[in-house]
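Trainee:
Protein chains in written order, with the numbering used here: chain Z, 103 to 657; chain A, 103 to 657.
1. If we define contact as Cβ-Cβ less than 8 Å, is residue 631 of chain A a contact residue for chain Z?
2. Can you tell me which of the three DSSP states residue 384 of chain A falls into?
3. By the criterion of Cβ-Cβ separation under 8 Å, what are the contact partners of residue 651 of chain Z in chain A?
4. Quick check on residue 498 of chain Z - is its C-beta less than 8 Å from some C-beta in chain A?
5. Which of the three DSSP states, helix, strand or coil, is assigned to residue 107 of chain A?
6. Determine the burial state of residue 161 of chain A: buried for a count of at least 16 other Cβ atoms within 10 Å of its Cβ, exposed for fewer.
7. Hey, is the segment 362-369 of chain A in contact with the segment 201-216 of chain A, meaning 3+ C-beta pairs nearer than 8 Å?
8. If the cut is a Cβ gap below 8 Å, which residues of chain A does residue 212 of chain Z touch?
9. As a quick exercise: from A/238, A/221, A/249 and A/224, pick the residue whose alpha carbon is nearest that of residue 232 of chain A.
10. Given this structure, state the Cα-to-Cα distance separating residue 574 of chain A from residue 424 of chain A, to the nearest angstrom.
11. Could you tell me whether any Cβ in chain A is nearer than 8 Å to the Cβ of residue 114 of chain Z?
12. From the DSSP output, which residues share a beta bridge with residue 217 of chain Z?
13. Can you list the residues of chain Z that residue 490 of chain A reaches, using a CB-CB cut of under 7 Å?
14. Give the C-beta separation of residue 458 of chain A and residue 300 of chain Z to the nearest angstrom, bearing in mind that I take them to be a contact with Cβ-Cβ under 8 Å.
15. Below 7 Å between beta carbons is the criterion; list the residues of the segment 492-524 of chain Z that meet it against any residue of chain A, in chain order.
16. Buried or exposed: which applies to residue 449 of chain A, given that a residue is buried once 16 or more other Cβ atoms fall within 10 Å of its Cβ?
17. Given 8 Å as the limit, is there contact between the segment 393-400 of chain A and the segment 352-362 of chain A, that is, 3 or more CB pairs closer than that?
18. So residue 531 of chain Z and residue 525 of chain Z are supposed to be a Cβ contact under 8 Å. How far apart are they, rounded?
19. Let me know the secondary structure DSSP gives residue 560 of chain A once reduced to three states.
20. If you measure beta-carbon to beta-carbon, which residues of the segment 458-470 of chain Z are closer than 8 Å to chain A?
21. If we call anything under 8 Å between Cβ atoms a contact, is residue 324 of chain Z one with residue 391 of chain Z?
22. Please report the residue range of the beta strand (DSSP E) in which residue 235 of chain Z lies.
23. How many angstroms separate the CA atom of residue 612 of chain A from the CA atom of residue 152 of chain Z?
24. Would you kindly work out how many angstroms separate the C-alpha atoms of residue 451 of chain Z and residue 536 of chain Z, rounded to a whole number?
25. Helix, strand or coil: how does DSSP classify residue 324 of chain Z here?
26. Going by Cα to Cα distance, which pick from A/212, A/414 and A/131 is closest to residue 621 of chain A?
27. Look at the alpha carbon of residue 261 of chain A and the alpha carbon of residue 465 of chain Z, and state the distance between them as a whole number of angstroms.
28. With a threshold of 8 Å between beta carbons, is residue 140 of chain A in contact with chain Z?
29. Looking only at C-alpha atoms, which of A/496, A/185, A/326 and A/420 sits nearest to residue 456 of chain A?
30. Given a threshold of 16 other Cβ atoms within 10 Å of its Cβ, counted over all protein chains shown, does residue 164 of chain Z qualify as buried or as exposed?
31. List the DSSP bridge partners of residue 520 of chain A.
32. What is the rounded straight-line gap between the Cα of residue 501 of chain A and the Cα of residue 332 of chain Z?
33. Measuring alpha carbon to alpha carbon, tell me which residue in A/238, A/272 and A/308 is nearest residue 279 of chain A.
34. By Cβ distance, which residues of its chain are closer than 6 Å to residue 561 of chain A, with the 5 residues on each side in sequence left out?
35. Comparing alpha-carbon positions, which option in Z/172, Z/185 and Z/471 lies nearest residue 251 of chain Z?
36. Do residue 380 of chain A and residue 388 of chain A have their beta-carbon atoms positioned less than 8 Å apart in this structure?
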């Protein structure tokens, strides 16, 4: 009996937003669902991205049968190169999801070795004792899948991220019937997306943004500039269709935007009307009222296309009075100040800005609200329930929602945080031993539009290269730096090293001098620019990559 | 003719949120409206508060006739001690506003020298060539005033912060009639609050939260813990009334909460029903269903009462399963992560959390939405208009709103940012010369519940004391620090100083050891704790106050 034991092992994403990864183990076989990343908190200076610590999988390398990807968002696939560099697993996911992974692996020269297996909704694969069926769900990115995993002890359903969109723009409906079938036959465990559990009612359909965009296409007298997440193919499709209808040409700006639209177009997921495309270099030559630009950088990321447009620092697009800039996206917590700074720059140029909540909406969420979560709970009627994808607050609310199912057979709900495991055997379900989890901070140097020689490095290794703190005193009246920047360093240059560091000070000084007054007044931008320039310089001089954390003082 | 010239000189708060201050000059006479502060951006490590640079007023010290305060919020009065320490002006404001200022001056031992003059709505004062009438407005804090300033060139109206609440809980209505009277007689210049210009429609009345609170008082089975801004006297009054009605006693937690309620009670602005008050030390002795606790710390400030309650670190209140915690406040941008961390701690203790937007609302804004702003523009019908209180985005939107007034005599609208002046004379209005403005960063050491020996110090002086960067490497698996903290210092200890710094390392190590695991996992809290402990130690040893900026690395 003791051998017939299922273990649910959250590697990331439970009790925290982002870097989702879930392992499922039965005896000597393990499968992994998703391997995501997250963006670091502002406190974590000097780090580009954060992935889960995959130690548990590395320690059990010979038992891991495969990696299943539910969809192509960064918080589900962003950790794939890092995981595969430790453990070259076969990877399963929809064609589109794998195409996004391919790009990423290519950048790291890992594509040739990778074992990628495209799957379709309705398809099945067998991995050791697990039989996995892929189920179509609706979400803000196309080709999103839930999985039903038949194990010797019963069926586990993992929803991935989803909403129940009754009118998706591509008419590819959420597969209610398959969820219902499994529910009818009996489900041992449901794991369901908790992201939006604190929103009452139903999330609006992706189609709900169309009336707002129609109005924008009708009303805008000059250029219409729309920023959205590059992976929101449904959104981009609606923009392309409306542009065609209202006689505007569309240019895409930003590396991620160009990448993703190319992939989606190649796979037939994004249909681009004849001759609607405009090359970025032709934007300023067209009559403004004939142009729509779709641009990445909704979160005010310092070096993104939109941030650069906002300060007249993009070679293909300058804002003018009468232009309309639309933020068709949500504000990810932590990014508010950067986004507001960007919007102020845009407003100073006389452009109108459309953002935030309004009716009809200019953005809708991709995650299920309370009533949709209840619908899935009711369809699936699981014996056990684990809320996934959320901070503790969301997980505990989702657990409470499930209580109404007690009458139809729900025996227990478990609020697990990353590293806390669940064991299920013939006697029931209970919490198991904790496993080693954590966060790996990666200084990847990946920047929109700046393709660098990217090396994945764990911060553990980075810290062996020491750290460098450039300290810049900026005069609050003039916006200029006072004297040469200071540089504090530990564990980086042995011996004197004063020559290198004084050169480094000159590098920082040059970055400051060559920045515009607007950039200098934006500390987020300056920190990032200084970090990039100094990293390039130090790496070239020493082949080492110390942690670089610019500290800006206002004096 | 050139002598008959009015100058409008924004000292702070235009093109930025917070630290509002506006100077008005006619010939050799200057008056100042408000002297606020703002909380620093996270990038500004080592700083407690930020005030405007009042150099312009200092340089014209002999001309400044008085400081007028519109209401008692920090972004309007928080800079008063700093301004008065440079320039001991007579100060005018409502009794309640001045009482809040008094507390602050007392802390800095400046109260005896201060010249405070209480005024009432409808009252008038004369300051040089300016005759100032105070006009009652509604806002989230009681006793808020707008001002109408009659100058030799015409009337200037400055709204302060306001909404037009048709049903305020104290029945003290927004004085539409006086605004209308001035409008009828002719107003030269209107300056109006732009904070909520991007919200369509009307802001809900303060009374709109009552149904939600009724439901909470009815439904909560155990302790009801409500966090709100301590200055929201209307909100506190409603809570006290409902507690009385539903048979709960009310305890106040947090220094600011105790201070402000005492002041408001003494002035007859907060009526406390007989025997409804509960001493904090008696909270845990009462039957939980008989207790309501009103606590400060809505923004997740690291050392606030609610943040400490959230991690079982408050001596008078521990959360238990079944308790309800209500956040009756907005999230100030930049504080999201800290607030979410705090809510997760609360959820882990099994308390239910009520927050965010819902209908009926658990919080309403104190600032006018679009339709109210139009109402005030239509009532006042100014010749010139300057939108105030907001970032550029808000100011430019508000300017656009005013365009519909062209037909009734609006001649021009000016979007000014702090430091950009306007000149009005008999020939018209035009932009004037820029004046010196900026930000003063103050390391005041003020902490809720920790009354320290507070010295106002300008960062210019602080930086003469050098800076100290404690660098702490925290192991992500164990949450413990690795080895002794590093300390990097410049300009602080001359010569070797290694004895002092190695002692300082021990101080930091001790702070880490004596913190709970939950505190250690919260970098915001750890940065603040380390900073406070180290500041106390270094100040005691050296009588100097270097800038202290803890840097936490995860390894």
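Glycine included, every Cβ here is placed at the ideal spot set by N, Cα and C.
Mentor: Reading from the atomic positions:
1. For the purposes of this step, residue 631 of chain A is taken as the residue at position 529 of the second chain. Judged by the 8 Å Cβ criterion, residue 631 of chain A is not in contact with chain Z.
2. Here residue 384 of chain A is taken as the residue at index 282 of the second chain, counted from 1. Three-state result, residue 384 of chain A: helix.
3. As a first step, residue 651 of chain Z is located in the first chain; it is residue number 549 there, counting from the start. Chain A residues near residue 651 of chain Z: 653.
4. Taking the first chain and counting its residues from 1, one reaches residue 498 of chain Z at position 396. True, the Cβ-Cβ gap to chain A drops below 8 Å.
5. Position 5 of the second chain, counted from the first residue, corresponds to residue 107 of chain A. Coil at residue 107 of chain A, not helix or strand.
6. For the purposes of this step, residue 161 of chain A is identified with residue 59 of the second chain, where counting begins at 1. Per the 10 Å Cβ criterion, exposed.
7. yes
8. Along the first chain, one-based indexing puts residue 212 of chain Z at 110. None at all; the shortest Cβ gap to chain A is about 25 Å.
9. Walking along the second chain from the start, residue 232 of chain A turns up at place 130. Here the closest residue by C-alpha is A/249.
10. Position 472 of the second chain, counting from 1, holds the residue named residue 574 of chain A. Position 322 of the second chain, counting from 1, holds the residue named residue 424 of chain A. One C-alpha to the other measures close to 38 Å.
11. Indexing the first chain from 1 puts residue 114 of chain Z at position 12. Closer than 8 Å: no.
12. Numbered from 1 along the first chain, position 115 holds the residue referred to as residue 217 of chain Z. Note: residue 217 of chain Z sits in a beta bridge opposite Z/192.
13. Reading the second chain from its first residue, position 388 is the one you call residue 490 of chain A. Those do not exist, as residue 490 of chain A stays about 16 Å from chain Z at its closest Cβ, beyond 7 Å.
14. Position 356 of the second chain holds residue 458 of chain A. Position 198 of the first chain holds residue 300 of chain Z. About 6 Å; that satisfies the 8 Å criterion.
15. Listed in sequence order: 493, 494, 495 and 498.
16. By 1-based counting over the second chain, the position of residue 449 of chain A is 347. It is buried - the Cβ of residue 449 of chain A has at least 16 other Cβ atoms within 10 Å.
17. yes
18. In the first chain, counting from the first residue as 1, residue 531 of chain Z sits at position 429. In the first chain, counting from the first residue as 1, residue 525 of chain Z sits at position 423. With a Cβ gap of about 7 Å, residue 531 of chain Z and residue 525 of chain Z count as contacting.
19. Residue 560 of chain A sits at position 458 when you count from the first residue of the second chain. Low local confidence applies: a pLDDT of 42 at residue 560 of chain A is under 50, so the model's placement there is unreliable, with the coordinate-based value given in what follows. Residue 560 of chain A: strand per DSSP, three-state reduction.
20. Correct list: 458 and 460.
21. To locate residue 324 of chain Z, count along the first chain from 1; it is residue 222. To locate residue 391 of chain Z, count along the first chain from 1; it is residue 289. Yes, the pair counts as a contact, with Cβ atoms nearer than the cut-off.
22. Within the first chain, numbered from 1, the residue matching residue 235 of chain Z stands at position 133. It spans 232-239 - the beta strand (DSSP E) in which residue 235 of chain Z sits, taken as one unbroken run.
23. To locate residue 612 of chain A, count along the second chain from 1; it is residue 510. To locate residue 152 of chain Z, count along the first chain from 1; it is residue 50. Rounded to whole angstroms, residue 612 of chain A to residue 152 of chain Z spans 29 Å at the Cα level.
24. Residue numbering aside, residue 451 of chain Z sits at position 349 when the first chain is read from its first letter. Residue numbering aside, residue 536 of chain Z sits at position 434 when the first chain is read from its first letter. Spanning the two alpha carbons is a distance of roughly 54 Å.
25. The residue you call residue 324 of chain Z lines up with position 222 of the first chain. Residue 324 of chain Z falls in the coil class under three-state DSSP.
26. For the purposes of this step, residue 621 of chain A is taken as residue 519 along the second chain, with counting starting at 1. Residue 621 of chain A has its Cα closest to that of A/414, out of A/212, A/414 and A/131.
27. As a position in the second chain, residue 261 of chain A is number 159, starting the count at 1. As a position in the first chain, residue 465 of chain Z is number 363, starting the count at 1. Taking the straight line from one Cα to the other gives about 34 Å.
28. The sequence position of residue 140 of chain A within the second chain is 38, counting from 1. Not an interface residue.
29. As a working note, residue 456 of chain A is residue 354 in the second chain. Among A/496, A/185, A/326 and A/420, the Cα nearest to that of residue 456 of chain A belongs to A/326.
30. Position 62 of the first chain holds residue 164 of chain Z. That one is exposed.
31. Position 418 of the second chain, counting from 1, holds the residue named residue 520 of chain A. Note: residue 520 of chain A sits in no beta bridge, so no partner.
32. Here residue 501 of chain A refers to the residue found at position 399 of the second chain. Here residue 332 of chain Z refers to the residue found at position 230 of the first chain. Roughly 33 Å separates the two Cα atoms.
33. In the second chain, counting from the first residue as 1, residue 279 of chain A sits at position 177. Taking only the C-alpha atoms, the option nearest residue 279 of chain A is A/238.
34. Counted from its first residue, the second chain places residue 561 of chain A at position 459. Confidence is the limiting factor: at residue 561 of chain A the pLDDT is only 42, short of 50, which leaves the residue's position unreliable and the question unanswerable from this model.
35. Position 149 of the first chain, counted from the start, is the residue given in the question as residue 251 of chain Z. Comparing Cα-Cα distances from residue 251 of chain Z to each of Z/172, Z/185 and Z/471, the minimum goes to Z/172.
36. If you number the second chain from 1, residue 388 of chain A lands on position 286. If you number the second chain from 1, residue 380 of chain A lands on position 278. In this structure, residue 380 of chain A lies closer than 8 Å to residue 388 of chain A by Cβ.
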